[in-house]
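Novice: Chains as they are written, first to last, in my numbering: chain C, 74 to 390; chain S, 74 to 390; chain G, 74 to 390; chain L, 74 to 390; chain H, 74 to 390; chain W, 74 to 390.
Glycine included, every Cβ here is placed at the ideal spot set by N, Cα and C.
Note that the coordinates shown come from a computational prediction; the quantities given were computed from them, not determined experimentally.
Protein chains: 6
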Amino acid sequence: RDGENRAWPFMNPGTLLDAPYRPDAARAGYADLDVALVGVPMDLGVTNRNGSRFGPRAVRNIERVGPYEHVFKALPVHELRVADIGDVPLQSRFSLEQCHADIEACFMAIADAGVRHLAVGGDHSITLPILKALGRDRPLGMIHIDAHCDTSGEFEGAKFHHGGPFRRAVLDGVLDPERTVQIGIRGAAEWLWEFSYESGMRVIHAEEVDALGIPEVIRQAREVVGDGPVYVSFDIDSIDPAFAPGTGTPEVGGLTPREVLAMMRGFAGLDVIGGDVVEVAPQYDATSNTAHVAAQMALEILCLMARAPSMGQPSGG
Amino acid sequence: RDGENRAWPFMNPGTLLDAPYRPDAARAGYADLDVALVGVPMDLGVTNRNGSRFGPRAVRNIERVGPYEHVFKALPVHELRVADIGDVPLQSRFSLEQCHADIEACFMAIADAGVRHLAVGGDHSITLPILKALGRDRPLGMIHIDAHCDTSGEFEGAKFHHGGPFRRAVLDGVLDPERTVQIGIRGAAEWLWEFSYESGMRVIHAEEVDALGIPEVIRQAREVVGDGPVYVSFDIDSIDPAFAPGTGTPEVGGLTPREVLAMMRGFAGLDVIGGDVVEVAPQYDATSNTAHVAAQMALEILCLMARAPSMGQPSGG
Amino acid sequence: RDGENRAWPFMNPGTLLDAPYRPDAARAGYADLDVALVGVPMDLGVTNRNGSRFGPRAVRNIERVGPYEHVFKALPVHELRVADIGDVPLQSRFSLEQCHADIEACFMAIADAGVRHLAVGGDHSITLPILKALGRDRPLGMIHIDAHCDTSGEFEGAKFHHGGPFRRAVLDGVLDPERTVQIGIRGAAEWLWEFSYESGMRVIHAEEVDALGIPEVIRQAREVVGDGPVYVSFDIDSIDPAFAPGTGTPEVGGLTPREVLAMMRGFAGLDVIGGDVVEVAPQYDATSNTAHVAAQMALEILCLMARAPSMGQPSGG
Amino acid sequence: RDGENRAWPFMNPGTLLDAPYRPDAARAGYADLDVALVGVPMDLGVTNRNGSRFGPRAVRNIERVGPYEHVFKALPVHELRVADIGDVPLQSRFSLEQCHADIEACFMAIADAGVRHLAVGGDHSITLPILKALGRDRPLGMIHIDAHCDTSGEFEGAKFHHGGPFRRAVLDGVLDPERTVQIGIRGAAEWLWEFSYESGMRVIHAEEVDALGIPEVIRQAREVVGDGPVYVSFDIDSIDPAFAPGTGTPEVGGLTPREVLAMMRGFAGLDVIGGDVVEVAPQYDATSNTAHVAAQMALEILCLMARAPSMGQPSGG
Amino acid sequence: RDGENRAWPFMNPGTLLDAPYRPDAARAGYADLDVALVGVPMDLGVTNRNGSRFGPRAVRNIERVGPYEHVFKALPVHELRVADIGDVPLQSRFSLEQCHADIEACFMAIADAGVRHLAVGGDHSITLPILKALGRDRPLGMIHIDAHCDTSGEFEGAKFHHGGPFRRAVLDGVLDPERTVQIGIRGAAEWLWEFSYESGMRVIHAEEVDALGIPEVIRQAREVVGDGPVYVSFDIDSIDPAFAPGTGTPEVGGLTPREVLAMMRGFAGLDVIGGDVVEVAPQYDATSNTAHVAAQMALEILCLMARAPSMGQPSGG
Amino acid sequence: RDGENRAWPFMNPGTLLDAPYRPDAARAGYADLDVALVGVPMDLGVTNRNGSRFGPRAVRNIERVGPYEHVFKALPVHELRVADIGDVPLQSRFSLEQCHADIEACFMAIADAGVRHLAVGGDHSITLPILKALGRDRPLGMIHIDAHCDTSGEFEGAKFHHGGPFRRAVLDGVLDPERTVQIGIRGAAEWLWEFSYESGMRVIHAEEVDALGIPEVIRQAREVVGDGPVYVSFDIDSIDPAFAPGTGTPEVGGLTPREVLAMMRGFAGLDVIGGDVVEVAPQYDATSNTAHVAAQMALEILCLMARAPSMGQPSGG
Ligand SMILES: [Mn+2]
Ligand SMILES: [Mn+2]
Ligand SMILES: [Mn+2]
Ligand SMILES: [Mn+2]
Ligand SMILES: [Mn+2]
Ligand SMILES: [Mn+2]
Ligand SMILES: [Mn+2]
Ligand SMILES: [Mn+2]
Ligand SMILES: [Mn+2]
Ligand SMILES: [Mn+2]
Ligand SMILES: [Mn+2]
Ligand SMILES: [Mn+2]
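Below, the structure is given as structure tokens:
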């Protein structure tokens with residue numbers, strides 16, 4: 074019986090979703106993987122509380138998430154060839170620009186090998202270089218769950234901060250705004266996000282969710298992203314701080330994990346080709362609940378990838 | 074006025090539900106009690122984070138729960154003869170089997186005296202010896218609120234771990250699976266719980282609650298357990314970790330305390346003859362919220378017992 | 074661009090809602106203010122856990138709330154002349170009565186200057202002297218969001234404890250019970266609050282909110298308070314302890330911040346002439362979430378004041 | 074074997090030093106006790122952080138202190154007739170004066186019964202009414218271990234705050250300043266404590282301890298208090314905040330527990346007739362270390378009482 | 074430059090002393106290792122607070138300890154062939170006896186391969202099966218740093234609890250009591266440890282350290298253990314709880330890390346052939362300081378092993 | 074009486090050393106100040122845990138430090154004209170280089186006004202631009218209390234990280250290495266600090282302090298810095314993590330606050346013309362003890378400045 078043979082949940086160094094640890098995957102050309110789980114311990118893009126550089130390690134330390142997802146009826150870490158390949162080799166703790174270059178190079182290599190990925194940040198600025206690697210051939214659709222639209226412009230001289238990756242991704246042609254939906258938006262920075270509306274993204278605020286209901290949110294999101302390739306970017310601050318206090322820019326009045334779980338399950342069948350979970354700052358996570366929710370959402374995204382129509386097809390990566 | 078004469082909430086050693094402390098009750102044959110509140114500080118049955126051996130003390134330290142329950146319009150600690158009789162005298166911190174024998178003996182003695190009980194654990198494995206004491210004459214019905222079905226089989230050589238008490242209780246003939254409902258189920262161990270379905274238990278997953286609505290959950294639960302004697306077993310991990318982080322096997326996406334309060338109140342009139350509150354591990358409870366919810370649910374179960382049709386009848390115990 | 078010129082969220086001493094700090098405002102006669110933000114660091118009125126004397130400082134330390142409220146489409150700190158004028162000068166850490174006298178004098182002076190206020194406590198007993206200052210000319214209406222009715226009588230020889238301010242406010246003629254609604258009520262002290270019902274207040278319990286729905290709660294509250302001047306008193310313990318653990322008399326089964334945000338926004342257009350946020354005890358707030366919710370609700374109340382029909386009129390104060 | 078028969082350290086409600094709980098001792102006239110362990114959950118005398126009203130409960134919850142003290146080679150809870158008699162029945166959570174009257178009455182009754190006591194606070198103001206009860210026949214000598222001299226005068230209209238009990242005790246004739254030594258003194262309030270010097274107390278600052286060495290500190294203390302009856306008052310803030318963070322007025326640069334343990338053991342043979350442990354505020358005690366040190370020091374004082382020359386003599390109380 | 078090439082301290086899954094992770098070492102016969110770093114996540118032997126099953130993971134998560142030890146002028150992880158080989162494969166979370174058998178088998182295999190080890194617990198009971206593996210050919214000497222002698226007898230029916238491993242090790246002939254020194258002893262269980270004295274161990278209490286001075290403690294310890302093979306067993310509860318709160322049976326008045334560091338460095342040149350660091354329970358370690366001290370002491374023991382006369386000799390293992 | 078008139082310790086926004094808040098000081102040319110207290114909330118120079126950007130706010134929130142220092146018999150905030158002038162206006166949260174330019178400009182302006190300063194960081198990299206501002210006319214002497222020498226070279230492409238400010242300060246001619254003493258040094262990076270020895274700094278390791286004794290440490294430090302102008306740079310990680318856990322690169326085995334207090338007082342009479350307190354990261358400071366020690370050390374440095382021979386002389390700045 075499987076239960077008997079698994080290592081205890083608190084044994085050995087933890088890995089992302091308890092997947093095998095393969096620090097040598099890059100050298101081996103990622104050849105035998107379907108999905109690479111990758112940490113991106115970088116938080117130089119934040120505007121308030123830092124600390125999400127410790128996010129990947131915190132998610133690895135969660136003892137029990139998966140392997141089974143009973144609504145998907147999936148065992149994605151076992152159905153697919155999945156490994157935790159460690160963290161992106163970053164060359165500078167002092168340069169946001171250098172980190173972005175390193176991230177782009179790493180995800181480009183993974184994609185070039187025909188391998189998909191699920192990344193764990195780090196701050197949300199990491200999604201820009203990731204999208205640049207994944208969307209270079211055609212702009213991607215995106216389901217973006219966040220308290221913030223992250224479509225503001227240059228700020229204090231920085232192009233790559235965590236408040237603006239999706240503006241640049243659109244401008245760089247790697248993200249299709251008309252196939253982008255942003256869910257859970259709230260807080261005081263609405264005036265910085267005109268770009269979302271101007272570029273044609275669909276924005277669903279947290280306070281709209283009650284009136285719409287989750288089934289309608291799911292319906293609208295599916296409608297927006299359609300059948301094409303979709304990236305799922307999950308910012309933990311979309312979740313209310315009661316459930317996920319460990320983050321750098323919390324906003325009162327967020328989504329509940331049950332709501333987001335329902336959404337994730339409602340997205341089954343979309344062509345999800347990659348995703349990330351970002352902004353876990355464990356210094357502010359007195360109970361480790363935040364990392365726990367992040368790990369669960371990583372499992373959900375992996376299930377979506379396992380069930381994606383293009384998974385396993387030649388052009389899958 | 075009552076308010077004037079009560080001890081301050083933080084005065085003196087705390088007791089379960091602020092009931093009188095009667096450590097000598099066993100020696101007195103429990104003669105003058107309707108309900109014994111009992112701690113069971115034992116956590117040798119856990120599979121992940123331990124610590125619920127400190128659960129009874131944590132629940133005792135909650136300053137303010139009850140005595141009045143305004144929806145039941147009940148003062149159960151005063152309406153009935155209730156006392157905190159201390160903890161089960163356990164003989165070994167190293168043997169799960171010995172502890173189960175001690176627990177069974179203790180609850181057998183209470184039941185033999187015609188006294189009902191409300192237990193505070195400890196891990197969920199304690200409910201097996203309790204049910205063996207209470208259900209020896211006829212199998213009981215059960216309302217089981219939990220993230221887990223706890224109906225798996227032998228595990229790592231252990232028969233009495235906290236993941237399987239209800240399988241054994243059915244096999245031992247002390248629990249009636251067709252009069253058992255399990256509410257709040259979720260997480261990654263679904264494949265271990267076939268026994269719930271095969272034996273005829275009704276399983277309501279956490280994610281089903283939104284669609285059903287609480288009134289329908291109540292209706293189904295009442296339908297399942299019917300008019301016969303019912304045991305209420307409340308595992309704190311049924312509640313979402315945001316509300317109850319202090320537990321050993323937390324699962325994302327749980328019930329809210331408001332939902333469970335509504336259920337408890339909706340169960341009024343059932344013939345609840347005993348119950349327990351388990352799996353409070355205060356080491357993980359940075360705010361003491363978990364013990365607070367546990368204490369509140371203990372009050373609700375005591376209200377159900379106070380309003381049970383058979384309370385006070387000769388065969389009540 | 075505004076974003077560029079604002080101080081970083083963690084820079085300099087924090088102030089209420091990041092408003093300018095004007096400790097000299099009293100000496101200047103408050104002449105140039107529309108709304109004074111005032112701390113009241115006093116917790117001698119509590120019956121259980123103390124610590125809300127640290128509430129104002131905790132709320133000041135929240136890094137990011139406002140300035141924009143995107144549902145109100147308001148920038149109240151900028152639309153109005155608003156300043157943090159520091160804390161009420163209190164003369165005794167040992168006398169509840171002396172503190173109440175000091176509070177009344179301070180708010181009387183502010184009101185006499187034709188200036189409105191938003192106070193941050195401190196325990197809920199502070200609202201009595203505040204109402205005495207504001208309601209001396211005519212009794213006020215009130216929207217009171219709390220787990221407790223706070224209408225009990227003298228207790229342990231004290232007239233001014235935090236469990237009874239609204240009984241006395243009615244008896245003193247400064248609060249109109251028939252224009253008072255109390256929302257979120259629950260817990261074990263119902264039997265102490267007969268006065269609410271006898272005097273004609275509308276009481277909406279937490280457990281009633283599910284059945285009513287938030288829109289109906291808003292409708293009833295608007296109906297009760299009508300067009301006259303309304304005070305908004307927000308006790309953080311109205312919110313469930315998962316979202317707001319840092320308080321002295323928490324009660325299981327509370328409102329969610331999303332529910333209260335919806336209410337606040339639904340109260341737009343009422344003639345809100347003042348308000349307070351009370352009972353934040355940061356010692357119990359492991360994540361600072363409680364102070365965060367408190368700060369957000371202070372912003373909402375300030376928006377209500379900014380949108381009040383009488384704001385800016387000669388008799389505004 | 075004793076070890077086999079003792080209750081587990083985390084079982085049942087905790088009591089002071091794990092002594093039997095005797096809430097009915099007052100009614101029984103304390104007749105069969107040598108030493109009453111008493112909680113005094115009152116903190117209305119504090120000037121900064123409150124919370125020591127929870128001190129007695131925190132000390133009761135420490136799992137393992139004693140019963141054996143291996144340097145004294147004593148088992149004081151078993152050598153003497155000792156019980157935790159619960160907390161002083163206090164009548165008002167709002168009046169410092171009333172609390173002091175209640176405390177004085179309670180300790181007067183204990184002393185009248187010829188019973189000695191060891192008290193656990195609560196703030197340090199409680200020692201004034203205690204000394205008034207114990208010293209009414211003749212002024213006592215005192216070993217006072219504290220960061221503060223606590224000999225300042227009236228403050229903000231209060232006579233009974235925690236910064237001045239020993240001035241009043243001298244003025245009331247119940248404390249002999251020339252037989253009083255104060256050890257561990259530091260912090261910014263030196264200018265408030267002239268009375269210590271003027272009245273003839275011996276003050277040993279924390280920073281003097283390094284140069285003197287513990288043996289010399291012991292020698293001086295013994296010299297000061299001599300052969301007469303001695304009270305030991307231990308304020309937990311004497312200890313450095315690293316070892317005892319859970320207190321209301323911490324001061325950098327304090328004593329270590331090892332230093333104070335050495336002192337306590339060095340005081341063996343003095344005629345210690347009573348004592349207290351005060352200022353434990355568990356809200357600030359993230360690890361429970363503070364309550365642990367407090368419990369240990371209570372054991373040490375009880376050992377001193379057990380070894381006092383007058384213990385067991387007719388005039389012992 | 075080395076500093077440039079090392080992974081960031083918070084990157085990738087953490088390993089013991091940042092050594093390479095070699096989960097396959099057992100299958101490879103440990104052939105190419107000098108020292109195996111091994112986790113033993115087992116805490117079924119505790120008598121009070123459990124949780125040290127999470128100790129190995131906590132020590133792995135410490136970001137920065139070593140690689141250089143500037144007093145030893147050693148880089149032991151690089152000088153020797155060292156790897157983190159993961160945790161002992163344990164077969165039952167419910168049987169202390171089974172775990173001991175598994176531990177003994179694992180360390181026997183390592184020793185049989187001629188490889189030395191440094192273990193990280195887990196509770197102190199693990200040292201008995203370890204010593205049985207290492208000392209089977211001749212009894213070992215031991216430097217034992219602990220608050221407790223751990224030489225008591227059978228307890229509650231258990232032979233293998235964490236309070237008695239060194240009695241049994243002597244009785245089993247794998248530990249030489251006359252070459253054993255126990256340092257840091259204190260607390261209330263002295264009467265359980267007669268065996269230490271009767272068997273000829275040297276016991277140095279915590280309170281003796283001040284009078285002796287660290288150089289004399291070192292001299293005595295060296296004298297006791299002499300030139301033969303020495304095992305170093307470091308129980309984190311030897312350290313004062315201020316420095317190491319995260320443990321299950323804390324004792325007031327412990328050693329400081331600076332004292333123990335001085336001892337470790339003073340033991341240089343002894344023939345240290347193995348060691349362990351035990352009793353880290355991270356649930357009680359609010360700051361991670363405890364795991365940090367544990368990791369540092371592991372580094373010190375590894376330095377002692379690197380400098381041991383027999384290291385690298387044929388009979389080294 | 075002063076005690077009566079001071080604001081309560083928890084009232085109003087906190088300021089550094091409770092000094093008056095003067096955010097407009099820069100605009101006023103600092104004209105009427107002797108010493109400016111300045112926050113520098115910048116942590117882009119760290120190599121491990123970030124978070125010290127919140128250091129200034131944490132130190133401001135300490136309730137009670139000073140105003141009196143009883144060993145110095147000084148009231149420095151009152152003896153001198155001292156104000157908290159807020160934080161350095163920093164222009165980019167993303168560029169370490171830009172921050173350093175802003176810091177240098179700010180301190181240059183203060184110095185140009187003939188005003189001295191005491192800075193609160195922020196990470197230790199801030200001391201380089203500060204020294205460049207203060208030492209431009211002649212290299213300064215320095216008492217540097219730290220776990221680390223901070224004299225390493227360029228790292229990961231960065232010149233201005235927190236591990237190297239004092240190498241660059243020497244190379245830039247603003248720090249005199251032969252008049253520099255570094256106290257408390259330890260940890261694993263010794264091999265990076267050759268520059269300290271080569272340039273002629275005096276390095277006193279933490280482990281040397283026991284043998285030397287504090288008086289000898291003071292004597293050597295005074296000998297090194299002599300009569301010339303001295304800067305005091307206090308890195309909180311010099312202190313042992315038990316006393317100061319809230320920092321980014323903690324090292325086991327540090328100094329105690331009592332030792333550093335004794336040093337500070339032993340430096341009285343040196344010509345201390347400025348100083349800083351750095352590396353307080355409150356995210357890791359579960360008790361606020363770290364910020365408390367930092368505030369106390371800031372008071373000590375201010376006392377040294379108040380007693381410096383050149384204070385008040387024309388060339389004082
Ligand atoms: Mn984002
Ligand atoms: Mn976000
Ligand atoms: Mn269960
Ligand atoms: Mn469960
Ligand atoms: Mn209230
Ligand atoms: Mn309330
Ligand atoms: Mn005191
Ligand atoms: Mn004190
Ligand atoms: Mn041990
Ligand atoms: Mn031990
Ligand atoms: Mn430094
Ligand atoms: Mn440093």
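(1) Cβ closer than 7 Å: which chain G residues qualify as neighbours of G139 (chain S)?
(2) Whose C-beta lies closer than 6 Å to the C-beta of V305 (chain S) among residues of the same chain, with five residues either side of it excluded?
(3) Compute the distance between the beta-carbons of V119 (chain H) and P129 (chain H), then report whether it is under 8 Å.
(4) Where does S225 (chain L) sit, in a helix, a strand or coil, going by DSSP?
(5) Hey, would you say L153 (chain L) sits closer than 8 Å to A371 (chain L), going by beta carbons?
(6) Pull up the distance between the alpha-carbon of F180 (chain H) and that of A206 (chain H), whole angstroms please.
(7) Buried or exposed for L244 (chain W), going by 16 or more other Cβ atoms inside 10 Å?
(8) In terms of residues, what are the limits of the alpha helix (DSSP H) holding M378 (chain W)?
(9) Pull the bridge partners of G348 (chain S) from the DSSP assignment, please.
(10) Can you find a CB in chain W that lies within less than 8 Å of the CB of R331 (chain H)?
(11) Return yes when the Cβ of A92 (chain L) is within less than 8 Å of the Cβ of L106 (chain L), no when it is not.
(12) Using the beta-carbon of each residue, which ones in chain W are nearer than 9 Å to Y357 (chain L)?
(13) Please tell me whether N123 (chain H) and N123 (chain S) are closer than 8 Å, where the distance is taken between their beta carbons.
(14) Would the beta-carbon of Y103 (chain L) fall within 8 Å of that of V188 (chain L)?
(15) How many Å lie between L191 (chain W) and H190 (chain G) at the Cα?
Specialist: Straight from the coordinates:
(1) Under the 7 Å cutoff, chain G gives A261.
(2) The residues I216, V345, G348, I374, in chain order, have a CB closer than 6 Å to that of V305 (chain S) in the same chain once the five nearest residues on each side in sequence are set aside.
(3) Cβ distance not < 8 Å, so V119 (chain H) and P129 (chain H) don't count as in contact.
(4) coil
(5) no
(6) 6 Å
(7) Exposed is the call here.
(8) 362-379
(9) According to DSSP, which records beta bridges pairwise, G348 (chain S) is partnered with S:L191, S:V305.
(10) Yes - at least one Cβ of chain W is within 8 Å of the one on R331 (chain H).
(11) no
(12) Neighbours of Y357 (chain L) on chain W, chain order: T360, S361.
(13) yes
(14) yes
(15) 37 Å
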